[in-house]
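Trainee: Basically our numbering = 1-based index in the sequence shown + 7. All residues carry an ideal CB built from backbone N, CA and C; glycine is no exception.
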Amino acid sequence: MDSIDSIRMAIAQARAAIAAGQSPFGAVIVRNDQLIAAGHNHVWADTDPTAHAEVVCIRNAGRALGTIDLAGCEMYTTCEPCPMCASAIHWANLDAVHFGARIADAEAAGFRELTIPIERLYTEGHSKVRTHADVMRDECAALFDEWKRARGRAY
């Protein structure tokens, strides 16, 4: 499974979130080219503001592997992780995070993002997590329009 396959699985998770009435974010965690876990946004379903796709995916991976240490794993997510998710990725010891859309894309779609880029957060925080930006960015950013259409939103 390559980076494109992995981000496509994250996009499928985001579409599952849209179909479930959730926000359009999806993530997967892979290790040695094998899927370990997947997840999408559950904020509204769980009435939990921390249930972002990345956090849900980390929780699922921890359960699947029976550990909180996800070293050797990498995350693929449809949008640049917010500071909360970036911190969870760091604390889970993931080796890398690959993302499509940027925080600015989410903000433009109406999300109330903290606009601190993950690269800056990791640099200033001395995190060893590698970041890979703009993986299929156009396709990932288009999820926001899909979400708006599905909800009948025009903004």
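1) Between A34 and G159, what straight-line distance do the alpha-carbon atoms span, to the nearest angstrom?
2) Compute every distance between the C-beta of R119 and the non-hydrogen atoms of the ligand NAP, then say whether any falls below 8 Å.
3) Figure out for me which residue from E61, Q29 and K135 has the closest Cα to the Cα of H49.
4) Going by Cα to Cα distance, which pick from G107, C92, R144 and A108 is closest to L101?
5) Helix, strand or coil for A44, going by three-state DSSP, please let me know.
6) Measure the C-alpha to C-alpha separation of E126 and A103 and round it to an integer number of angstroms.
Mentor: Looking at the coordinates:
1) 24 Å
2) As far as ligands go, the structure on display features none, and thus does not contain the ligand NAP.
3) Q29
4) C92
5) strand
6) 12 Å
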